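The numbering of the first sequence is the numbering used here, which starts it at 136 and goes up by one.
All residues carry an ideal CB built from backbone N, CA and C; glycine is no exception.
Nothing here was measured: the structure is a model prediction, and the numbers come from that model.
What follows is a set of notes on a single structure, which appears directly below.
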Amino acid sequence: MHLLLVDGSGYIFRAFHALPPLSRKSDGLPVGCVQGFCNMLFKLTQDMDADEAPTHMAVIFDAKGKTFRDDLYPDYKAQRPPAPEELVPQFPLTRSATRAFSIPSIEMEGWEADDIMATYACMAKEAGWKVTIASSDKDLMQLVEPDGSIRLLDTIPRPGQPPLRWIGPDEVFTKFGVTPDKVIDVQALCGDSVDNVPGVPGIGVKTAAELINTYGNLETLLERAGEIKQNARREKLIANADLARISKKLVTLEQKVPVEIDLDGLIRQPMAPSALFPFLKAMEFATITKRLATLLEANPDDFEADPELKAGGETPVPGAPQKSSSLSVAKAKLAANVVPGSGPARFAAEEHARIKAIPVNYDDYEIVTTQERLAAWVAKIQDVGLVAIDTETTGLDPQTADLVGICLSTKIGEGCYIPVGHALAGDLLSGGGLVEGQLPIRDVLDALKPLIESAAILKIGQNVKYDMEIFWRYGISMAPIDDTMLISYALDGPRYNGMDVLADHWLSHKTITFSELAGTGKAQKTFDQLEIPAAARYAAEDADITLRLWHVLKPRLAAENATTLYETLERPLAPVLARMEARGITVDRQILARLSGDFAQRAAAFEAEAYELAGENFNLGSPKQLGDILFGKMGLEGGTKTKTGAWSTGADVLEDLAAKGIPLARTIVDWRQLTKLKGTYTDALPTYMNQRTGRVHTSYSQASVLTGRLSSNDPNLQNIPVRTSDGRKIRTAFVAAPGKTLISADYSQIELRVLAHIADIQALKDAFEEGLDIHAMTASEMFNVPVEGMPSEVRRRAKAINFGIIYGISAFGLANQLGIARGEAGDYIKTYFERFPGIRDYMDAQKVKVKADGFVTTIFGRKIQFPNANSGNPSERSFVERASINAPIQGSAADIIRRAMIRMEPELKKAGVDADMLLQVHDELIFEVPEGTEGAAIPVIKRVMENAAEPAVRLTVPIQVDAHAAKNWDEAH
DNA sequence: GCAAGGACGTA
DNA sequence: GTACGTCCTTGCA
């Protein structure tokens, strides 16, 4: 891995003096630095590609406003004159240029670009990467590493010198007379007149280097200053020791900036003509446009100049002066870049309108059946550098379905289908033959494999995890990818899941449905049984529509500030989940079979008993029949109705009846438990065992939960019983493979900790800091009883209240949960709010926010939308209030474990630990490791999970993970 | 054959 | 009181 950081702000200032001035022809806007900047980006990527191509890249800018250095030393950078007028409009333009080149542009309020670069360099170094910083700023020289793993690259053009000049340890020594690690000590002494760092008056670089080399470091020097022979020098040092110390703080770069995008988010993206040329055209940079057109094999004439940026662009800005110089108009317009409805948002809206207007024409799709046409498609994909791709298979389970065809699209309106597995009709015995005219599957995969695995070609899909797993079974690793389903999820949540819904909503296009093609129910055909021409229309449409959706949705990420979420929390997780699904977990069939028998017998006994008690036979599984018997025939009191008017026979109702001495109620409860365990688990799980792997492979849905959690299905392995002893027996059937051991690692009280952090509740934070029993502590605070010897009932109530808080408490709900009166529950809540007043503030803030904005957010910026926050229906409204209180808590915890999962595999690898992540259950991760290595694996797993929030968010509560190893899940948990 | 409702397993 | 997925029955086609 190789990270390239570009010092954007540093470049602009230096280029301004080094480059000849240049004005845009049509309106005289000064753009010299912008052009130099574009040339530099182009040159950097070209020259470095030839050598050691950076795999990750970002341009870092200074943000406006104060930094910690201003507090440290109010005169810091005080003498700096205001930026020249010609430079001002070029600041935002260089940011636009960065985005046009598809490079992340990063700036953070309160931090200088240097600190952000130091942080990333430090992160990359820790990860064992190479780092190049494109800057010649001497303040960055302290980051240079003696082994060359971090180097600077001077990119300012200078006559008679090569365009790019490396700055390594030798160059640093030439400049400062010391090794890079001592640069800050030298700077502390000699100061810096440009930044107004004081240093020790009268000491320059030479003297400073001499002193530091003699005494080793600044502190030692200051301590032993009295030993210095030269009078003047000695007195100056003693008198100004504090100034030197402050200076050191000023020049020392912060390496722990809480950056929002982690390293993975900086992965290099291919340049997109649709982003690049509108910008370059608006700037009227002819030469570089031509060079990039050649490089990308794109036609700039296909693109219009960005209307926001082009000379005399239309968009009037509210409040902007009507008549003004072109310069101030440009300034005003650029400021409007951040206003919704302009800049990126406008671009996204225009793209949407443009794409939506292109009709779908099924006749334009191609069926590829010859090597020549296959080769032509391969060439086309290589040219364009991106491809929408979709696999058609014999089923929905990526671990068993076989490939039937592949569809591709590189340009909207075009698409092809490559059939490889359509089967001849016929009975089962004569099956196995393929329809003639299809290319051999091996030939097709051999031709496509280099593309699918090429780092230079972006694969775009809808629910790519599925295709990834299919291709993996054919020996192909799909990367890099973009997923329209995940982009949509990052933007809009699970609202428009599914390509048919996305196409309908964004493109107003109704796609061919699979049922239309293959029928429904038992008679539904599998894809291999379809006629190729019909299959091709459906399949090629999928690829074409996916590409259209990508063009519509991707620009919205930047426009709606969801890029970080998508790049750090969604896109990198998909391959991790794909691998977990592919691994599966071993389930002991015999244990389940024995349990099924046991449960069946005991259920039958309860069934007979129920008939006896009811005085008649009826279907115990029918709530309707049961309700009629209990509240009709037996005439019991206290029955409640469900919303459809049926008798309610839930477990809580039956428990109440049982307590009143109705034995039938207890019998039903027991029967239900056993049949539930049998039907949903012990009978069902064996049917999910994969013939090929002998394991059970769940499927995770990454994009269907409102709060950002995952969900698991087919089978759902996130609701395997644990609360009852019969239920836990099912967990003993989840076992480690021979020679392996399972590890279960779970977050302790993660949601309460997240609540303590978000709502800033000092009492809760202190309790977690001290490692107290949080429910007992709550009980002690609320009921004024000591934790020592606390009755379990008291603790139980406090626990229920804590959970209630997380769920957006109501007196009604708490009363139900605890079986107490509404009034009493209301008193509890009141007491709680009095003891922890911050909680009420948090809750009120969420309610206000959801009504005003229609969404709330997690600490990582995930938006959770509530479209009916202002519903006219009061119960719906209070439902949204409770959900808006819960969502940031549940969602932030979900984001934390997602981050842990994304980092887990590389960190295990780095630590030399062989461990396979198998399952996720919201706050728990299950691993499989070779027997005897659990001692090595557990500390790494705990470290990654406990530090998962950083560096994006520094939590103000400790995070605790408990991990255990055992042969089965029950014992490991 | 399918959708809705009820019930219940998990965090 | 939050967030899910699955099984079963029921009622309508």
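For residue i, the three-state DSSP class (helix, strand or coil)
i, result
"asparagine 825", "coil"
"serine 461", "Summary for serine 461: the model assigns pLDDT 41, below 50, so the residue's position carries little reliability, and this model does not support an answer."
"valine 991", "strand"
"threonine 842", "coil"
"isoleucine 347", "helix"
"lysine 425", "helix"
"proline 972", "helix"
"alanine 1046", "coil"
"alanine 256", "helix"
"glutamine 884", "coil"
"alanine 1100", "strand"
"aspartate 316", "helix"
"methionine 192", "strand"
"glutamine 1000", "strand"
"histidine 1108", "coil"
"valine 473", "For valine 473, the pLDDT reaches just 39, beneath the cut-off of 50, and the residue's location in the model is therefore unreliable, although a value from the coordinates is still provided. If DSSP states are grouped into helix, strand and coil, valine 473 belongs with the helices."
"asparagine 1021", "helix"
"phenylalanine 203", "helix"
"isoleucine 940", "helix"
"phenylalanine 606", "helix"
"alanine 455", "Its pLDDT being 34, under 50, alanine 455 is placed unreliably in this model, and the coordinates cannot settle the point."
Bridge partner(s) assigned by DSSP for residue i
i, result
"tryptophan 782", "Lys776"
"valine 857", "BP columns for valine 857 are empty, so no partner."
"valine 571", "The amino acid at residue 571 is misidentified as valine; the sequence shows glutamate. Partner(s): none; glutamate 571 has no beta bridge."
"histidine 832", "Partner(s): none; histidine 832 has no beta bridge."
"glutamine 1055", "Leu1060"
"glutamate 501", "Cys551"
"cysteine 542", "Asp525, Tyr552"
"threonine 876", "Val1064"
"valine 332", "Asp327"
Buried/exposed call for residue i, threshold 16 Cβ in 10 Å
i, result
"serine 114", "The chain is shown only over 136 to 1108; residue 114 falls outside these bounds and no answer can be derived."
"phenylalanine 86", "It is not possible to answer for residue 86, since the shown part of the chain is limited to 136 through 1108."
"proline 336", "exposed"
"proline 281", "exposed"
"phenylalanine 869", "buried"
"lysine 445", "buried"
"asparagine 496", "exposed"
"glutamine 981", "buried"
"histidine 152", "exposed"
"asparagine 174", "buried"
"glycine 1067", "exposed"
"phenylalanine 947", "exposed"
"leucine 139", "buried"
"tryptophan 301", "exposed"
For residue j and residue i, believed in contact at Cβ under 8 Å, the rounded distance
i, j, result
"alanine 1109", "leucine 841", "In the structure as shown, the chain starts at 136 and stops at 1108, and residue 1109 therefore has no counterpart that could be examined."
"leucine 357", "alanine 376", "5 Å"
"alanine 1100", "glutamate 1069", "4 Å"
"leucine 899", "isoleucine 941", "The pair is not a contact, with the Cβ atoms about 12 Å apart (cut-off 8 Å)."
"tryptophan 512", "threonine 619", "Not quite, the Cβ-Cβ distance comes to about 21 Å (not below 8 Å), so this is no contact."
"methionine 418", "valine 141", "Contact flag wrong, Cβ pair sits at about 18 Å."
"phenylalanine 196", "serine 237", "About 17 Å separates the two Cβ atoms, so there is no contact after all."
"isoleucine 1061", "leucine 877", "6 Å"
"isoleucine 994", "isoleucine 964", "Not a contact, Cβ separation roughly 25 Å."
Span separating the alpha-carbon of residue i from that of residue j
i, j, result
"glutamate 1081", "aspartate 1058", "12 Å"
"valine 1096", "proline 393", "23 Å"
"alanine 956", "proline 479", "55 Å"
"glutamate 1042", "threonine 180", "29 Å"
"alanine 248", "glutamate 242", "7 Å"
"leucine 574", "lysine 594", "22 Å"
"alanine 697", "glutamine 1000", "13 Å"
"asparagine 1005", "proline 629", "20 Å"
"leucine 1054", "methionine 978", "33 Å"
Cβ-heavy atom distance, residue i to the ligand ZN, below 7 Å
i, result
"aspartate 1051", "For the ligand ZN, the structure offers nothing, since it holds no ligand at all."
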